[in-house]
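**Student:** Numbering (my numbering), first residue to last: 17 to 277.
We treat Cβ as the ideally placed atom computed from N, Cα and C, and that holds for glycine.
My structure is below; once you've seen it, I'll send some questions.
Shown next as structure tokens:
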């Protein structure tokens, strides 16, 4: 299933939606228990070509993984970590497909980082060795870990550089039926390929990350793990269009605007 959130053209309210054919239909949480859907039972829908999509998740936290691709660590002049390098992005940085990334006046160098994101489906706390961490996953989506690179280098930690409003585009949908272990991840700016990698190149796999993080903090339903970016990060400028495409999920597209423009 492809799940998303959209603004109902009938009520103006945010709705959970399921993609079926060329439309997105409003559904309730019952969809997770039944797994069945009949479009004739949903009068609230929007054609995909016209749908106003918003971020498909409402996480209590966004956990990110730094330097999870060897070539990306090398391009920044960093050594590979011996265990996952974790940091958080503020949930208020979240935007959806079609949203605008705003370049803050405080930074002179804002860069894209296209990533596979994991969406947690049920509470995960100290996932055991005998358990399959993927059983805790709702699905997978695209993320752009937008970063004020100059501020990241200047500050001791990453919070400011990673958490400006609009610095976490996610979407367009959550794909619930996907194997995350070998997916292509691409980032394009104005149609030009900037990043391409495969999730099999990660130093720490999705199952490892879920188990590892769950022993540090409880992962709640809807929480997001952004799993790291391949090599090729680069600057964003006013007027750019940036796309992150994850194989099997779709393409997350956002425009870029200078603060105050």
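1) Whole angstroms is fine: what's the gap from residue 88's alpha carbon to residue 246's?
2) According to DSSP, simplified to helix, strand and coil, what is residue 269?
3) My output table needs one value for residue 72: the three-state DSSP class, helix, strand or coil.
4) Return the residue from the list 184, 73, 176, 57 that minimises the CA-CA distance to residue 165.
5) In three-state DSSP terms, what is residue 242?
6) Taking 7 Å as the cut-off, decide whether the C-beta atoms of residue 262 and residue 117 are in contact.
7) Determine the extent of the beta strand (DSSP E) in which residue 175 is found, giving its start and end residues.
8) Going straight from the alpha carbon of residue 111 to that of residue 242, what length do you get?
9) What is the residue span of the beta strand (DSSP E) that residue 104 lies within?
10) Cβ of residue 260 within 7 Å of Cβ of residue 268?
11) In angstroms with no decimal places, state the Cα-to-Cα distance between residue 275 and residue 109.
12) Is the beta carbon of residue 86 sitting closer than 7 Å to the one on residue 97?
13) In the structure shown, what three-state DSSP assignment does residue 185 receive?
14) Give the single residue among 28, 23, 46, 58 whose Cα lies nearest to the Cα of residue 36.
15) Scan the region 201-236 and note each continuous alpha helix (DSSP H) run of 4 residues or more that stays entirely inside, going in chain order.
16) So, does the CB of residue 166 fall closer than 7 Å to a CB anywhere in chain C?
17) Could you check whether residue 130 and residue 160 sit closer than 7 Å to each other, using their CB atoms as the reference points?
18) Determine the DSSP secondary structure at residue 122, reduced to helix, strand or coil.
19) Under three-state DSSP, which class holds residue 32?
20) Which residues in the same chain as residue 124 place their Cβ atom closer than 8 Å to its Cβ, once the five residues preceding and following it in sequence are excluded?
**Tutor:** Working from what's here:
1) 5 Å
2) strand
3) coil
4) 176
5) strand
6) no
7) Not the beta strand (DSSP E): residue 175 falls in the alpha helix (DSSP H), residues 175-178.
8) 14 Å
9) 101-105
10) yes
11) 15 Å
12) no
13) strand
14) 58
15) 222-230
16) The question asks about chain C, but that chain is absent: this structure has only one protein chain.
17) yes
18) coil
19) strand
20) 166
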